[in-house]
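For reference, the structure is listed below as structure tokens.
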Amino acid sequence: MRQLYSFYTDAFWIAIKSILEHKLRAFLTLIGIIIGVAAVIVVAASISGLKTYVVETASKVLGSNHFMMTRMASMGRMSDDDYERRNRRNKDIKWEEYEYIRENCQLCSEVGAQINSGTDLNYNGSEMPATRIMGVTGNMVDIEDKTVGEGRFMSDEEASRLTYVCVIGWDVKEKFFPNESPIGKEIKVRGAPLRIIGVEEKRGSFFGESQDRHVYIPITVAGQLFNRTGGIQLHGKTANSDNLKPAIEEARQLLRNRRQLIGSEEDTFGVVNVDEFNSTMDEIT
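Residue 133 in numbering that gives the first Met the number 0 is what sits at position 134 of the sequence shown, and the numbering runs on without skipping anything.
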């Protein structure tokens, strides 16, 4: 025991003597260790902060307890071969399929639909190019937890009646109506005047891309203005997170049954949900 004590004591004093004899080298070594540890801490904090930022922003855009079904969707990595295979196999989701799932999904608190397009906006001779135009059902405001800061969102009745109304994003409001209320004014989408009934609250940017450069219009109006006869996005929401995965599976089976897919036949559509997004972020970080 005494020999062991003597060994550690000698080692300690040898180390102290070396440090005192080579102060500059010891100082630089210490600085290097401090910088290295600090760098690891900063990188870890940055990754954690990035994950939080991405997940919170995605949740703000997508909403909570929300899933989407569409022709092509994947939260993970997809090889070129896998993409080509799905592209050949998968089919557009049709309006009739949306109606079928809306009527039969018992675990879904809401089922909505959306189609996306883009065009230039015009107001009093001023133009806003490359603006996202989203044709939606009235309940998309609840499905994606949208917040309308001024006015209101459109109703399903307005969609069924082909009413030319719209809800604008914050960038559109700032571009055309910086110092006045836009409610009741009209902007032109593809030459068609749409009456503004609401303004969505500012959502900010996502990796430098604005999330406020858009206009919501009734999905029926979007189909008419953009001559859309193809597929749609189907969106579902559950009352709580516990029901999300069972609801996705229920909606998935409903669509498989509708398409007469049996046994081990692969799905001919894709599904995205916020939980899968969070899991993907965990794998990355």
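Note that beta-carbon positions come from the ideal geometry of N, C-alpha and C, so glycine has one too.
Quick caveat: nothing in here was measured; it's all calculated off a predicted structure.
query, result
"Find out if the Cβ-Cβ distance for the pair Met139, Val171 is shorter than 8 Å.", "no"
"Arg227 by DSSP, collapsed to three states: which one?", "coil"
"Is it the case that the region 93-110 contacts the region 250-259, given that we only count it when at least three CB pairs across the two stretches are under 8 Å?", "yes"
"Within the chosen definition, does the region 156-173 reach the region 210-229 through at least 3 CB pairs nearer than 8 Å?", "yes"
"Measure the alpha-carbon distance for Lys187 versus Arg87 and round it to whole angstroms.", "37 Å"
"State the start and end residues of the unbroken beta strand (DSSP E) segment that holds Ala129.", "Ser125 to Val135"
"Tell me which same chain residues have a C-beta within less than 8 Å of the C-beta of Asp91, skipping the five on either side of it?", "Arg70, Gly229, Gly230 and Ile231"
"When you compare only the Cα positions, how much space is there between Leu161 and Leu260?", "35 Å"
"Mind reading off the beta-carbon distance from Ile196 to Met153? Whole number of angstroms is fine, and I expect it under 8 Å.", "7 Å"
"Once you ignore the five residues that flank Lys93 on each side, which residues in its own chain have a CB closer than 8 Å to its CB?", "Gly230 and Ile231"
"Does the distance from the C-beta atom of Ser204 to that of Asn64 stay below 8 Å?", "no"
"DSSP state of Lys174, grouped into three classes?", "helix"
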